[in-house]
Amino acid sequence: MNAVFEKPSLWQRLRPWFKSFDLPLLSALAWIMALGLLCMYSAGYDHGTRFVDHARNMLLSVGIIFVVAQIPPQRIMQLAIPLYTVGIMLLVATAVFGVTKKGATRWLSIGVTQIQPSEIMKIATPLMLAWWFQKREGLLRLPDFLAAFGLLVVPVGLIAKQPDLGTAILVLSAGLYVIFFAGLSWKLIIPAFVIGAASITALVMSEDKICQPDVQWPVLREYQKNRVCTLLDPTKDPLGKGFHIIQGEIAIGSGGIPGKGFMKGTQTHLEFIPERTTDFIFAAFGEEFGLVGALALLGGFTALILRGLMIASEAPTLFSRLIAGAVTLSFFTYVFVNMGMVSGILPVVGVPLPFISYGGTAMVTLGFGLGLLMSIAKTRRIRY
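Read in full-length UniProt numbering, the sequence shown has 317 at position 317, and its numbers run on one by one without any break.
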């Protein structure tokens with residue numbers, strides 16, 4: 001008797017690659033990406049090839065998510081030390097041989113192109129810290145946390161020296177999230193919050209004195225001091241340093257509750273909003289889609305973050321829990337810092353809005369992070 005075998009269809013062969021993907025996480029991402037494409041078309045249709053490039057970068061990010069999701073977390077953990085080491089070496093090389101643009105040495109020429117090594121550390125640093133705590137699981141003592149802080153300070157210091165305050169904040173926050181989830185005592189966390197709150201209060205109350213031109217701030221550079229002082233009172237230089245913040249607030253406020261409508265933003269299309277397709281794209285979004293649109297966008301980010309935290313809480317290993325928690329809260333940092341600086345509650349720094357702002361490098365990094373989340377989610381499902 002001859003057995004008859006049917007050749008499997010293309011979908012039957014591809015289905016195992018997709019069936020374990022986390023649908024709630026994918027749904028939240030798809031919603032954010034759809035709003036990002038809508039906003040980019042309006043804000044960048046007359047800005048060269050921004051919309052087409054943005055769509056291409058999204059496809060690249062989706063491809064990275066798919067590839068990384070196929071790699072088990074155990075294999076990813078093996079990349080922690082090599083990736084961190086290479087990242088540090090590239091940062092040192094950037095400090096010595098880097099390309100300087102607009103007063104910042106952030107790029108390294110590798111012949112055919114230029115790369116920004118600090119982007120690597122957004123992933124390499126939390127991976128390294130998660131690996132460190134995984135190896136010390138059950139044996140954690142204060143020296144282990146001090147060593148973790150040392151691993152974090154090195155890349156943050158090198159990035160801040162470039163200077164690149166925005167990326168330094170993102171790397172620092174990602175590392176601190178890993179350390180927090182690893183079990184850092186609240187006895188150390190609460191005093192840090194108290195000191196930070198007291199410092200911000202003192203800064204606000206003494207703005208008139210410390211923001212004088214002849215007053216120099218320790219640690220921070222002159223342009224960083226100007227950004228903080230501009231945040232405290234942007235009306236002192238409305239056509240100069242305060243222009244970004246003032247125009248962003250005007251655009252968001254003029255959108256009202258329903259918004260002015262798709263492609264009807266006057267602040268946006270009359271080019272009053274600076275960097276309307278990158279750092280300040282939320283101002284363009286708020287003007288055209290109003291409070292309703294902003295809440296819809298925030299709903300997508302909230303769903304993504306909550307789902308990521310759920311994946312982290314159910315992850316099978318300490319490494320998976322730490323990296324999933326850090327990646328998820330890094331998205332929160334991106335969103336909070338970007339929307340905060342555009343709406344005038346935080347200083348202006350170069351932090352994009354995930355999958356909304358134009359930028360290929362950031363899209364690759366975000367895609368890698370979401371790929372890690374997908375990989376951990378798949379491992380969790382296989383376990384149960």
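Where is the CB? At the ideal position from N, CA and C, for every residue including glycine.
Here the structure is a predicted model, which is why all the values come from computation and not from measurement.
- In whole angstroms, what separates the C-alpha of Ser42 from that of Met263? Residue 42 sits at position 42 when you count from the first residue of the sequence shown. Residue 263 sits at position 263 when you count from the first residue of the sequence shown. Between Ser42 and Met263, the C-alpha separation is close to 5 angstroms.
- Query: What are the partner residues of Ile115, as DSSP defines its beta bridges?
  - Reply: Here the question's residue 115 lines up with position 115 in the sequence shown. In the DSSP output, where bridge partners are listed per residue, Ile115 has Leu108.
- Using DSSP bridges, identify the partner residues of Lys225. Your numbering for residue 225 matches position 225 in the sequence shown. Answer is none; Lys225 lacks a bridge partner.
- Task: Could you name the residues of the same chain whose beta carbon sits closer than 7 angstroms to that of Phe332, not counting the 5 residues immediately before and after it, in chain order?
- Result: By one-based count along the sequence shown, residue 332 stands at place 332. Result list for Phe332: Ile305, in chain order.
- Around the Cβ of Phe149, are there at least 16 other Cβ atoms within 10 angstroms (buried) or fewer (exposed)? In the sequence shown, the residue the question calls residue 149 occupies position 149. By the neighbour-count rule (16 or more Cβ atoms within 10 Å), Phe149 is not buried but exposed.
- Message: Suppose you measure from the CA of Thr235 to the CA of Thr361; what does that come to, to the nearest Å?
- Response: Against the sequence shown, residue 235 aligns to sequence position 235. Against the sequence shown, residue 361 aligns to sequence position 361. Computed Cα separation, rounded: 34 angstroms.
- Message: Determine whether the beta carbon atoms of Leu366 and Ser27 lie at a separation below 8 angstroms.
- Response: Indexing the sequence shown from 1 puts residue 366 at position 366. Indexing the sequence shown from 1 puts residue 27 at position 27. Contact: no.
- Buried or exposed: where does Leu165 fall if 16 or more other Cβ atoms within 10 Å of its Cβ makes it buried? Position 165 of the sequence shown, counted from the first residue, corresponds to residue 165. Buried, since its Cβ has 16 or more Cβ neighbours within 10 Å.
- Any idea what DSSP makes of Val99, helix, strand or coil? For this step, residue 99 is matched to residue 99 along the sequence shown. Strand.
- Message: On the CB-based measure, 16 or more other CB atoms within 10 Å of its CB, does Ile245 come out buried or exposed?
- Response: Here residue 245 refers to the residue found at position 245 of the sequence shown. When all chains shown are included, Ile245 counts as buried.
- What is the DSSP secondary structure of Arg321, counted as helix, strand or coil? If you number the sequence shown from 1, residue 321 lands on position 321. If DSSP states are grouped into helix, strand and coil, Arg321 belongs with the helices.
- Query: Are the Cβ atoms of Thr94 and Pro73 separated by less than 8 angstroms?
  - Reply: Counted from its first residue, the sequence shown places residue 94 at position 94. Counted from its first residue, the sequence shown places residue 73 at position 73. No, the Cβ-Cβ distance between Thr94 and Pro73 is not below 8 angstroms.
- Item | alpha helix (DSSP H) segments (min. 4 residues) lying fully within the region 142-198 | Here the runs fully enclosed are 142-160, 165-181.
- Message: When you compare the CB positions of Val96 and Ser109, do they come within less than 8 angstroms of one another, or not?
- Response: For the purposes of this step, residue 96 is identified with residue 96 of the sequence shown, where counting begins at 1. For the purposes of this step, residue 109 is identified with residue 109 of the sequence shown, where counting begins at 1. Contact flag unset, no.
- Thinking C-alpha only, which one of Ile311, Thr266, Met310, Phe272 is nearest Phe289? Within the sequence shown, the letter at position 289 stands for residue 289. Taking only the C-alpha atoms, the option nearest Phe289 is Thr266.
- Query: Can you check whether the CB of Asp22 is closer than 8 angstroms to the CB of residue 386?
  - Reply: Examination of residue 386 is not possible in this model, given that the chain is present from 1 through 384 alone.
- Rounded to whole angstroms, what's the CA-CA distance from Gln70 to Met77? Just pull it up for me. Along the sequence shown, read from residue 1 onward, the residue named residue 70 stands at position 70. Along the sequence shown, read from residue 1 onward, the residue named residue 77 stands at position 77. C-alpha separation (whole angstroms): 14 angstroms.
- Minimum length 4: unbroken alpha helix (DSSP H) runs contained in the region 251-334: 266-269, 281-313
- What three-state label does DSSP hand His47 in the structure shown? Against the sequence shown, residue 47 aligns to sequence position 47. Correct three-state label for His47: coil.
- Message: Taking 6 angstroms as the limit between beta carbons, can you name the residues of its chain near Tyr84, skipping five residues before and five after?
- Response: Your numbering for residue 84 matches position 84 in the sequence shown. For Tyr84, where only same-chain residues beyond five positions count, the Cβ hits under 6 angstroms are Ala124, Met128.
- Do Leu90 and Ile120 have their C-beta atoms within less than 8 angstroms of each other? As a first step, residue 90 must be located in the sequence shown, where it is residue number 90. As a first step, residue 120 must be located in the sequence shown, where it is residue number 120. Closer than 8 angstroms, so yes.
- Rounded to the nearest angstrom, how far is the Cβ of Ala344 from that of Glu249, given a contact under 8 angstroms? The residue labelled residue 344 in the question sits at position 344 within the sequence shown. The residue labelled residue 249 in the question sits at position 249 within the sequence shown. The sequence given here places Gly at residue 344; Ala does not occur at that position. The pair is a contact, with the Cβ atoms about 5 angstroms apart (cut-off 8 angstroms).
- Beta carbon of Thr278, beta carbon of Pro352: below 8 angstroms? Taking the sequence shown and counting its residues from 1, the one referred to as residue 278 is at position 278. Taking the sequence shown and counting its residues from 1, the one referred to as residue 352 is at position 352. Result yes, Cβ atoms of Thr278 and Pro352 sit closer than 8 angstroms.
- Message: Can you check which of these residues, Lys187, Ala198, Trp131, is closest to Ile323 by C-alpha distance?
- Response: As a first step, residue 323 must be located in the sequence shown, where it is residue number 323. Nearest of Lys187, Ala198, Trp131 to Ile323, Cα basis: Trp131.
- Query: Do Thr317 and Gln134 have their C-beta atoms within less than 8 angstroms of each other?
  - Reply: Your numbering for residue 317 matches position 317 in the sequence shown. Your numbering for residue 134 matches position 134 in the sequence shown. Cβ atoms of Thr317 and Gln134: closer than 8 angstroms.
- Message: Assuming Ile345 is part of the alpha helix (DSSP H), what are its boundary residues?
- Response: As a position in the sequence shown, residue 345 is number 345, starting the count at 1. Careful: Ile345 lies outside any alpha helix (DSSP H) and carries neither H nor E.
- Message: Within 10 Å of its beta-carbon, does Ile189 have 16 or more other beta-carbons around it, so buried, or fewer, so exposed?
- Response: Taking the sequence shown and counting its residues from 1, the one referred to as residue 189 is at position 189. Per the 10 Å Cβ criterion, exposed.
- Query: Among Leu158, Gly87, Phe66, which has the Cα closest to the Cα of Ala104?
  - Reply: Translated into the one-based positions of the sequence shown, residue 104 becomes position 104. The option with the nearest alpha carbon to Ala104 is Leu158.
- Task: Ignore the nearest five residues each way along the sequence and tell me which others in Val52's own chain have a CB closer than 7 angstroms to its CB.
- Result: Taking the first residue of the sequence shown as position 1, residue 52 is located at position 52. Hits under 7 angstroms: none found.
- Task: Tell me, to the nearest whole angstrom, how far the beta carbon of Gly175 is from that of Leu152; I am working on the premise that it is less than 8 angstroms.
- Result: The count along the sequence shown starts at 1 and reaches residue 175 at position 175. The count along the sequence shown starts at 1 and reaches residue 152 at position 152. Contact holds; Cβ gap of about 4 angstroms.
- Item | Straight-line Cα distance separating Met33 from Leu370 | Locating residue 370 in the sequence shown gives position 370, where the first residue counts as 1. Locating residue 33 in the sequence shown gives position 33, where the first residue counts as 1. The straight-line gap from Cα to Cα measures roughly 13 angstroms.
- Task: Look at Phe368 and Ile64 and say whether their C-beta atoms are less than 8 angstroms apart.
- Result: By 1-based counting over the sequence shown, the position of residue 368 is 368. By 1-based counting over the sequence shown, the position of residue 64 is 64. Yes; because the gap between Cβ atoms is below 8 angstroms, this pair is in contact.
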